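Engineer: One structure is given below, represented as structure tokens, and several questions about it will come after.
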Amino acid sequence: MRTGAWLAPALFGLTLLVLWEGVVRLFDIPTVILPAPSQIAGAIAANPPVLWADFVQTVLKGALTGWLIGCAAGVLAALLVARSDFLRRGLLPVGNFVAALPIVGTAPILVMWFGFGWESKAAVVVVMVFFPVLVNTVAGLADTGAMQRDLMRTYGAAPRQELRYLRIPSALPFVFNGLKIATTLALIGAIVAEFFGSPTQGMGFRISTEVGRLNLPMVWATIVVAALAGSLSYGGVALLERRLTFWHPSQRH
């Protein structure tokens, strides 16, 4: 079953790469328009130190740090919001408003505030992931029936015990949904923020620089590394979700 689940996407991806290579060579498409997969692979093979340094700067320093801080802050804030109707009515609309702000508007401001290092990229990521995690966690904490809560109180459960044994387990699928959304937003935020100021490292810096030099194989090599990092991050969170929420109906397949 698991082999079949991986085999179909692998065959589809391989077929797509073969068709891509064939179209580029058949129609002699210029490299500055669309490089062939073999050229992209050559760029990856020829530049591992550069790609690794960009990966560390963007993913490990900017995206991962911001993701950890933003997600932790979102969950903690949700625990407070869930205990207060006033905070729920006041903070959630503000959160929806901030989440709707375009990154191209907020990123330059945060870069000016926190400087051109990875700290400003982490700040952009924190802003981007905080509210999705907050909203999903609050929704999860509220996803309990009146009968369940009444049963806990019948057995004399304190509010803290109700939170630990009822609300938090019920909220886990929602929390992981927010975390998975945040993994994608974190990488996007870190890369886009580097377009507005960065040291001489980073995926966003590399893409903008190599586009200016018309070195499209290197641009695509950076995109491939970013896509792999994002896919592995998402897969890691999904695997953790499957282990911790195996009892949930969404995991029964």
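Heads up: the sequence shown at position 243 corresponds to 1169 in our numbering, and the numbers run straight through without jumps. All residues carry an ideal CB built from backbone N, CA and C; glycine is no exception. The structure displayed is predicted, hence computed values, not measured ones.
1. Taking three-plus beta-carbon pairs below 8 Å as touching, is the stretch 1137-1155 in contact with the stretch 978-988?
2. Quick check: V1059 and G1104, are their CB atoms within less than 8 Å of each other?
3. For G1066 versus A1097, is the C-beta spacing smaller than 8 Å?
4. Determine the direct distance from the alpha carbon of Q1127 to that of W1146, and round the result to whole angstroms.
5. Note down the Cα distance separating V1051 from L1111, rounded to an integer number of angstroms.
6. With a 10 Å radius around its C-beta and 16 neighbouring C-beta atoms as the bar for buried, classify L1165 as buried or exposed.
7. Comparing alpha-carbon positions, which option in V1137, G1016, A962 and A1033 lies nearest F1122?
8. Roughly how many whole angstroms lie between the Cα atoms of E1136 and T1109?
9. Could you tell me which of F1131, I1117, M1054 and M1144 sits nearest to S1107, measuring between CA atoms?
10. How close, in whole Å, do the beta carbons of M1129 and N973 come, if the pair is a contact with beta carbons under 8 Å?
11. According to DSSP, simplified to helix, strand and coil, what is R1139?
Structural biologist: Reading from the atomic positions:
1. Output reads yes: the stretch 978-988 touches the stretch 1137-1155.
2. G1104 is positioned such that its CB atom lies closer than 8 Å to that of V1059.
3. If you check the CB distance, G1066 and A1097 come in under 8 Å.
4. Whole-angstrom Cα-Cα distance: 16 Å.
5. Straight-line Cα distance between these residues: approximately 7 Å.
6. Looking at its Cβ environment, which holds fewer than 16 other Cβ atoms inside 10 Å, L1165 is exposed.
7. Ranking V1137, G1016, A962 and A1033 by Cα distance to F1122 puts A1033 first.
8. Each residue's CA atom was taken as its position, placing E1136 and T1109 some 26 Å apart.
9. Before going on, a small fix: residue 1107 reads as Ile here, not Ser. Looking at the Cα atoms, M1054 is the closest of the given residues.
10. Contact between M1129 and N973 fails: their C-beta atoms lie close to 13 Å from each other, not under 8 Å.
11. DSSP places R1139 in coil when its eight states are reduced to three.
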